[in-house]
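According to my numbering, the residues represented by the sequence shown are 287 to 441, in order. Using N, Cα and C, we set each Cβ at its ideal position, and we do this for glycine too.
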Amino acid sequence: MVAVPVLLFVLYQPGALPTWGLVFLAALLGMNELFAMTLADKTDRRVSLALGAIACAALFWLHPDALAAGPRSLSLLGVGPMVALFLAVVPVGLYYLFRFGDMQTVAPRIAYSMTGIVYVGFLATFLALTKRDFPSVGGDLVLLILLIAWVGDTA
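Next comes the structure, spelled out in structure tokens:
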């Protein structure tokens, strides 16, 4: 309840950058919590969190509306989400390919890392994408999404 006024203040700021900053921080905290519960090795947690941060930033920023909207940014129109998904899967796979560890635990560790990035990081980033893509009602939509999640979670 303490953070609700801060959340409302950020949601109703013009532009999507304040919302993205708050959502990015929440995504990092959520991924860190999931990785702390599922990945025993501290190095695996740190690398997964760093790769998740890069992938979430790519999901938001590799779009013409987030960039300066110059002529070069138009080439990213349909590629941004694919690049973000690529960054969530391929570097994680390469990390575990070359990371020394017990072969029996590689599949669960790679699954936890990719799941944390996509499930926690990408889904949280979609709140900032909603604010960016619907500038006139984005704050209202994000608040509605959060209210539905909170009510559904406590019911």
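(request) Determine, using beta-carbon pairs with one atom in the stretch 417-429 and one in the stretch 362-380, whether at least three such pairs fall under 8 Å. (result) no
(request) Please name the residue, chosen from G338, T401, D419, that lies closest to L373 on a Cα-to-Cα basis. (result) G338
(message) Tell me which residues share the same chain as Y382 and place their Cβ nearer than 7 Å to its Cβ, disregarding the 5 neighbours each side in the sequence.
(response) V392, R395, I396
(request) Could you pull the start and end residues of the alpha helix (DSSP H) that R331 belongs to? (result) 328-347
(request) To the nearest angstrom, report how far apart L413 and W306 are at their CA atoms. (result) 8 Å
(message) Using 8 Å for Cβ pairs, my map puts L409 next to F346. What's the rounded Cβ distance?
(response) Not a contact, Cβ separation roughly 13 Å.
(message) Just to confirm my understanding: we take V296, look at its own chain, exclude 5 residues before and 5 after, and list those with CB closer than 7 Å. What are they?
(response) P304, T305, L308
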